[in-house]
Amino acid sequence: FIFQVPLESLDQLSESSLSWVLRENERIWHVDFMIAEFKEPVDEGDVVGLSYDQVES
448 FIFQVPLESL
458 DQLSESSLSW
468 VLRENERIWH
478 VDFMIAEFKE
488 PVDEGDVVGL
498 SYDQVES
């Protein structure tokens, strides 16, 4: 598969259905909606993990 994610601006990344964006205010955006917010600040050098649970249909 080849996906076309718009990389021209960071604003477009948060609008794409193909990307998830963690912004400087600790909020996570996907398809132009804020879907989560970190309770603790994210600092330089922190490691952010991701878990993916694919459901087979």
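Per the working numbering, the sequence shown starts with residue 448, numbered consecutively.
Positions of the beta carbon are idealized from the N, C-alpha and C atoms, including for glycine.
Is SER461 buried or exposed, if buried means 16 or more other CB atoms sit within 10 Å of its CB? Counting other Cβ atoms within 10 Å of its Cβ, SER461 reaches 16 or more and is therefore classed as buried.
Since GLU473 contacts GLU484 with CB under 8 Å, what's their CB separation in whole angstroms? About 6 Å separates the beta carbons of GLU473 and GLU484, which is inside the 8 Å limit, making them a contact pair.
Using only CA atoms, which one of SER463, GLU487 and ASP490 lies nearest to PHE480? The shortest Cα separation from PHE480 among SER463, GLU487 and ASP490 belongs to SER463.
Need the endpoints of the beta strand (DSSP E) that VAL484 sits in, please. Residue identity differs from the one stated: residue 484 is Glu in this sequence, not Val. According to the DSSP assignment, GLU484 belongs to the beta strand (DSSP E) that extends over 480-484.
Taking only the alpha-carbon atoms, compute the straight-line gap between SER456 and VAL468 and give it to the nearest angstrom. CA-CA distance, SER456 to VAL468, rounds to 12 Å.
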